[in-house]
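Working notes for the structure below.
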Amino acid sequence: MNIVRGQIVSFRDDPMVAGEENCLQHWSKGAIVVDEFGKIAWRGDFSNLPNAYANLEETDYGDKLILPGFIDAHLHFPQYRMLAAYATDLLDWLNRYTFIEEQRYGDKAIADAAAKMFVDELFRHGITSCLAFSTIHTGAADALFEEASRRNMSLITGRTMMDRNAPSGLRDSAEKSYDETRELIGKWTGKSRLGYAISPRFAVTSTEEQLELAGALVKEYPDLWMQTHLSENHGEIAAVARDFPWSKDYTDVYDRYGLLREKSYFAHGIHLNDRELARLSDSGSAIVHCPTSNNFLGSGHFKCREVRNGDNPVKTGIGSDIGGGTSYSTLATLRDAFTVSQLVGARISPYEAFYMSTLGNARVLYLDSEIGSIDVGKYADLVVLDPCATPLMAARHELSSGLSDILFALMIMGDDRAIVETYVAGKRVKTAIV
Ligand code: GUN
Ligand code: ZN
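Below, the structure is given as C-alpha cells:
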C-alpha cells in the first residue's frame with residue numbers, strides 16, 4: 466500500500482445537475498491511500514489520515530492537482546500516428562489516408578508495435594481508459610487487448626466490421642465479421658480490465674446484411690458495448706441516404722437493425738434532426754462529442770449543451786477521435802469543446818468540461834463503479850496536473866482566482882507538458898513506461 470498526496474479534485478455529480486457549487490470534492494491538501502489491488506482504500510484531507518496508514522510510503526505532489534485519470538470515449542488505435550492528414554473532408558480523408566494506413570494492421574507485428582505506442586501515448590497524456598476502434602483484423606484487436614491487459618488498463622475495443630466501400634485489404638464479409646466478433650468476445654470478455662465493443666464502422670462501409678448481423682450480436686450480447694459513427698459530415702449523410710433509400714434519416718438506419726440502445730455509442734452526431742435526437746434519447750444511446758476532429762475535418766459544430774440538456778436530452782461523452790482529432794491531449798479536446806460551445810452560443814463551464822472527461826465519460830460508458838472519480842473502492846487511475854507547467858502558464862496562474870479558473874487555464878493553455886504523472890491501478894505509468 467502507498468499514499469499519493471496533492472490537491473485532489475474529483476466530481477461527485479454532473480455540474481449541470483448538482484450545480485457548480487456542489488458537483489465536486491476538493492481537498493487542497495489531500496491524500497489517497499492505494500491498496501495492494503491498486504484500488505483506493507481511503508481519500509480525504511491529509512490531516513484526517515487514519516493512524517493505520519500513517520507509516521506508508523508516500524509521494525507528495527504538493528499543490529499540483531490530482532484528478533481521476535482522463536477517459537477518452539472515442540478514438541482509433543490504428544490511426545495512432547496518422548494525425549495531420551491534409552484532406553478536404555471526412556470521405557476524402559478516409560479514402561486518401563485512413564483506409565491505406567489501416568490495411569497495415571493485417572500484420573500482427575505492426576499491430577503489436579502500434580499498440581505499445583498507442584498506450585504509451587495515452588498514458589503520456591493522462592488518459593487511463595478509453596473506448597477505441599481497431600481494424601477488421603482479429604490480430605489488431607488482439608494486439609490492443611493484449612497490451613491493455615499487460616498494462617492493467619481499463620479499455621474497451623473490438624474488431625471493426627466493414628464489408629463495402631473500402632479497399633479489399635480492409636473489407637470482410639458480413640458472415641466473417643460476425644464469426645470473428647463472436648470468437649473475440651469469447652476470448653476477451655471478463656479478462657483483466659477489458660471490455661468488448663461490437664464495432665460496425667459506419668453505415669457507409671456496411672451492407673444491410675452486415676448491419677443485420679451487428680444487430681444480432683447486440684441482441685446476443687446485451688451487456689457489451691456497441692460503437693459506430695453517425696451524422697458527422699454532409700457527404701457521408703448523402704451517401705447513407707443513397708444506400709438506404711427506405712430510411713427516414715441516418716439514425717433510422719441503425720435503428721432498423723436494433724443498434725440504438727443503452728451502451729451504444731455514436732461518434733460525432735453533429736447534424737441530427739429532432740426526430741433522430743428523440744430516438745437516441747428514448748433508446749438511451751449516447752453521442753460522443755469529438756471537437757478537435759470536427760474542427761480539423763470541417764465537419765461542423767456539435768451543440769453540446771443543447772444535446773445534453775435540450776427537449777430530447779441525449780447522453781453525451783467526449784473523445785479525441787485520434788487520428789481525425791488533432792491531439793491526444795484531453796486538455797486540447799476540452800479547449801476545442803469550449804471554443805465550439807462559444808461558437809454555437811452555449812458556453813460550457815470548466816467544471817462541465819472536466820466532468821465530461823472524467824466521471825461523465827465513466828457514467829456514459831457504465832464504468833463508474835470502477836473509475837471516473839477518486840472514491841473508496843474505485844481503481845487508483847489518476848492524473849497529476851501542473852497548472853504552472855510552462856513559464857507562461859505559471860505567470861497566468863498568478864492571476865487565477867479559484868479552482869474553476871485554474872482548471873480553465875489548464876484546459877485552454879495546457880497540453881502534455883502539464884501532465885506530471887499518470888497512475889493506473891495505483892502504479893506510475895508515465896515516468897515508468899514499461
Ligand atoms: N467515420 C467512419 N470512419 C471514421 C473514422 O475513422 N474517423 C472519423 N472521424 N469518422 C469516421
Ligand atoms: Zn471516429
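Following the numbering used here, the numbering of the sequence shown begins with 466 at its first residue and continues without gaps.
All C-beta atoms in this analysis are idealised placements derived from N, C-alpha and C, irrespective of residue type, glycine included.
Report the CB separation of residue i from residue j in whole angstroms; it is logged as a contact under 8 Å.
i: residue 715; j: residue 679; result: Actually they do not touch by this definition, with Cβ atoms about 15 Å apart.
i: residue 565; j: residue 596; result: Rounded, the Cβ-Cβ distance is 24 Å, inconsistent with contact.
i: residue 526; j: residue 470; result: 6 Å
i: residue 603; j: residue 645; result: 5 Å
i: residue 762; j: residue 784; result: Wrong, their Cβ atoms sit about 14 Å apart, outside the cutoff.
i: residue 648; j: residue 556; result: So it is not a contact: roughly 31 Å between Cβ atoms.
i: residue 643; j: residue 682; result: 7 Å
i: residue 625; j: residue 600; result: 5 Å
i: residue 494; j: residue 512; result: 7 Å
Taking the continuous alpha helix (DSSP H) assigned at residue i, which residues delimit it?
i: residue 716; result: 715–721
i: residue 470; result: It is not in any alpha helix (DSSP H) - residue 470 instead sits in the beta strand (DSSP E) that spans 467–476.
i: residue 573; result: 573–589
i: residue 497; result: Segment 489–499 is the beta strand (DSSP E) holding residue 497; no alpha helix (DSSP H) there.
i: residue 809; result: Looking at the DSSP string, residue 809 is not in any alpha helix (DSSP H), and its letter there is neither H nor E.
i: residue 757; result: 756–761
i: residue 746; result: 739–748
i: residue 699; result: 699–708
i: residue 877; result: 868–878
i: residue 694; result: Unbroken run through residue 694 is the beta strand (DSSP E), 690–695; no alpha helix (DSSP H).
i: residue 567; result: 564–568
Grouping DSSP H, G and I as helix and E and B as strand, with all else coil, what is residue i?
i: residue 888; result: strand
i: residue 641; result: helix
i: residue 559; result: helix
i: residue 511; result: helix
i: residue 533; result: strand
i: residue 664; result: strand
i: residue 780; result: strand
i: residue 823; result: helix
i: residue 766; result: coil
i: residue 816; result: helix
i: residue 656; result: coil
i: residue 547; result: coil
i: residue 539; result: strand
i: residue 626; result: strand
i: residue 618; result: coil
i: residue 610; result: helix
i: residue 787; result: coil
i: residue 895; result: coil
i: residue 751; result: strand
Please report the residue range of the beta strand (DSSP E) in which residue i lies.
i: residue 672; result: Where residue 672 is concerned, there is no enclosing beta strand (DSSP E), given that its DSSP letter is neither H nor E.
i: residue 733; result: 729–733
i: residue 849; result: 847–850
i: residue 592; result: 592–598
Can you determine whether any heavy atom of the ligand HEM sits closer than 7 Å to the C-beta of residue i, and answer yes or no?
i: residue 591; result: By its list of ligands, the structure shown excludes the ligand HEM, since it contains just the ligand GUN and the ligand ZN.
Residues near the ligand ZN, CB to any non-hydrogen atom under 5 Å, in chain order? 732, 786
Would you call the segment 790–803 and the segment 748–758 touching, i.e. three or more CB-CB distances under 8 Å? yes
Is the number of C-beta pairs between the segment 570–590 and the segment 812–821 that are closer than 8 Å three or more? no
At a cut of 8 Å, does the segment 843–855 reach the segment 865–881 through at least three beta carbon pairs? yes
For the segment 503–510 against the segment 837–846, do three or more pairs of beta-carbon atoms, one drawn from each stretch, fall closer than 8 Å, so that the two count as touching? yes
Hey, is the segment 575–590 in contact with the segment 608–616, meaning 3+ C-beta pairs nearer than 8 Å? yes
Is the number of C-beta pairs between the segment 663–678 and the segment 628–636 that are closer than 8 Å three or more? yes
Does the structure place the segment 767–777 close enough to the segment 518–537 that three or more beta carbon pairs sit under 8 Å? no
Touch check for the segment 506–521 and the segment 855–869: three-plus C-beta pairs under 8 Å? no
Determine, using beta-carbon pairs with one atom in the segment 883–893 and one in the segment 538–545, whether at least three such pairs fall under 8 Å. no
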